[in-house]
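Structure record follows, encoded as structure tokens.
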Amino acid sequence: MAARGPRRRRLTAAALAAAALLSLLLLAPGARGAEIVYWDNFRDNPATVSWAGVDGSGGGVVAGGGVEIREPEGMAYDPVSNRIYVASEGQRGSGGQIAYLDLGGSSGGVLAVPGVPVHSPEGIALDPALRRLYWVNSDDDTIAWADLSGAAGGLLDTRGAPTTGAYRLALADGILYWSGATAAGERYLAATELVGGGSGRVLAVGALGLVNGLAVDPGAGRLYWLDSTSGKESLRWLPLGGGPGGSLPLGAVDHRGTGLAVDPALGKAYWGNYGLAGTRQDAIGFVSLGGATGTISPATAPVNGAQDPIVIRTPTATVAPRLTAAGTELACSRGTWAPDFPGSSVFQSPRSFSYRWSLNGTTIPGAAGPSHTATAAGVYGCVVVAANQAGAASQGAAATATVAPARLALRGPGRRLRVRPGGVASFRIEVVNQGDLGAARARLCLVVPRRARAELRPGKCRSLPPLRAGERRRLRLGLRVSPAAAAGGYRLRITLSGVVARKLPLRIAG
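Residue 0 is where the sequence shown starts when you use numbering that gives the first Met the number 0, and the numbers rise one by one after that.
Structure (structure tokens):
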């Protein structure tokens, strides 16, 4: 094995007893906080994966359904399947395996990689776009890959860059980064494009220190590594585009730190303090990119050689959902949510969405989908709830939608009616539903003044069927004028279901 952090191969009897005790504490993590940190307990035998809030609250062990992990050297999270993959280096009777744990339940398994070498795997990285997993075969200094489906895999072509003593991996934007050490013990950082072979290149070589964790933030253009050299503990970085780098001293908060997660949104880096063994106190170290340091002491989660942190945060809203309306058909978009940072082992994207609809500020029972059909007039709003393993967050649409009640309007006739005594007045009238909701059945009637009922006899009222929003109906109304009717003007009324909808002048010629 090439030079790297101290090897941790054998456990004492006390550690075995502690592992047996911890097996009684298995708890399935759920949505219990705004931020959850996961880590593997290297010193447990078999090893375990624990979790807790980043404030140390809550926590327990991820139940793996009996899957065995020994001497883990790297973890990666897949937000699609909600699984943590673990490079299990020290499997008895084999060269190691890639195990996985389902965070949404209590099951686990081993990634099937037919024909792909798994030789004491270390360092692990997952490409969410290609749906591939990468790991270092530390026994023969190669980097292997496999589809998460197990359908394909092989060795990565890294021509142009060495893989001697490769240990830690990080992946972002189609580029795989790794740390290593030459046979002479000289440490280096290298990278290669994942699409197309032979594109490997060396990024840095020389005084890099003890590289026990690696992370990449393409947004900031930085490659970070955790230097856990005794007495020189620091978080260090290089610009991806070249040029001088920088470092932050960690001092007493790094205890043989192993693994690295960097949260670009919060400006904070985390690692596991493997050197503290089985104590919960200060199990996870962190540093803000402004230089402030601190630790996380899990209150209940088991700790035994913590390393390889993964951070999952509740979703973060960035752009509010959009509420659109086409009559009574309402639709609510998901809005926009902050993305994951897979290259630095920090995740926050939603895994599921639900919706809440309201009418005039009151929640509508049972309305939980992205669309809703309004059945009552009023002001509608929608709220999108995004959830992942860490919890849920919500954001409401920036604007509401108003659904207008049914409103029947009359059009025509366009002029005063004129008729002679003994004649018949007939005209067409159009009824339009100008509201958003459907209108109920209605009766359209022509009503004459009480004093003129002997001279003017209107025709029968006409029935209107229910009208959909925007629907039109044309009807004919009329009245018969008595031969004895006196000349003059009259004011008729057109009513809808008893309500005056329009006044209509009538002139009887002499």
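For glycine and all other residues, C-beta sits at the position ideal for the given N, C-alpha and C.
In terms of Cβ geometry, alanine 441 and leucine 474 do not form a close pair [threshold 8 Å]. Here glutamine 306 is near aspartate 39, since their CB atoms are less than 8 Å apart. When secondary structure is reduced to three states using DSSP, glycine 250 falls in the helix class. Each residue's CA atom was taken as its position, placing alanine 298 and glycine 304 some 16 Å apart.
Around the CB of lysine 267, 16 or more other CB atoms lie within 10 Å, so the residue is classed as buried. Across the set Thr257, Ala508, Arg449, the C-alpha of Ala508 shows the shortest separation from the C-alpha of glycine 422. Among the bridge pairs identified by DSSP, alanine 189 is matched with Trp177, Val201. Under the three-state reduction of DSSP, alanine 451 is assigned to helix. The three-state reading of DSSP puts tyrosine 166 in coil, since its state is none of H, G, I, E or B.
According to DSSP, residue pairing for tyrosine 354 in a beta bridge involves Val383.
The stretch 284-293 and the stretch 249-259 touch, with no fewer than 3 CB-CB distances between them shorter than 8 Å. If you draw a straight line from the Cα of proline 127 to the Cα of glycine 52, it is about 25 Å long. Spanning the alpha carbons of threonine 47 and valine 60 requires a straight line of approximately 7 Å. Non-local C-beta neighbours of proline 412 in its own chain, meaning closer than 6 Å and more than five positions away in sequence, comprise Phe426, ordered along the chain.
Of the residues Thr327, Ala405, Thr317, the one whose Cα lies closest to the Cα of alanine 385 is Thr317. Using a 10 angstroms sphere on the CB of glutamine 433, the tally of other CB atoms stays under 16, which defines it as exposed. In this structure the stretch 183-203 does not lie against the stretch 359-367, because fewer than three pairs of beta carbons, one per stretch, are closer than 8 Å. Rounded to the nearest angstrom, the gap between the Cα atoms of glycine 241 and threonine 181 is 22 Å.
DSSP places leucine 505 within a strand segment (E or B) once states are collapsed to three. Secondary structure in the stretch 20-97: the beta strand (DSSP E) runs of 3 residues or longer, each lying completely within the stretch, are 34-40, 47-52, 71-77, 82-87 in chain order. Note on geometry: alpha-carbon atoms of alanine 160 and serine 343 lie some 22 Å from one another. Distance from the CA atom of alanine 62 to the CA atom of threonine 257, rounded to whole angstroms, is 23 Å. Judged by DSSP in its simplified three-state form, leucine 147 adopts coil rather than helix or strand. In the displayed model, proline 341 falls within a helix according to three-state DSSP. Around threonine 228, the same chain offers Gly208, Leu209 as residues with beta carbons nearer than 6 Å, after the five sequence neighbours per side are excluded. For the 8 Å CB-CB criterion, leucine 491 and leucine 445 form a contact. Excluding the 5 residues flanking it on each side, glycine 149 has same chain C-beta neighbours closer than 8 Å at Leu110, Ala111, Val112, Pro113, in chain order. Using a Cβ distance threshold of 8 Å, alanine 33 and arginine 312 count as a contacting pair.
In the DSSP annotation of this structure, the continuous segment of the beta strand (DSSP E) that includes alanine 330 starts and ends at 328-331.
As the crow flies, the alpha-carbon of alanine 485 is around 8 Å from that of proline 420. A contact between stretches requires three or more CB pairs, one per stretch, nearer than 8 Å, and the stretch 133-142 fails this requirement with the stretch 99-109.
The straight-line gap separating the alpha-carbon atoms of alanine 330 and leucine 322 is approximately 6 Å.
Between the alpha carbons of valine 135 and isoleucine 123 lies a gap of roughly 7 Å.
Counting other Cβ atoms within 10 Å of its Cβ, serine 351 stays below 16 and is therefore classed as exposed. Non-local C-beta neighbours of lysine 231 in its own chain, meaning closer than 7 Å and more than five positions away in sequence, comprise Gly208, ordered along the chain.
Following the DSSP letters along the chain, one finds asparagine 432 inside the beta strand (DSSP E) bounded by residues 423-432.
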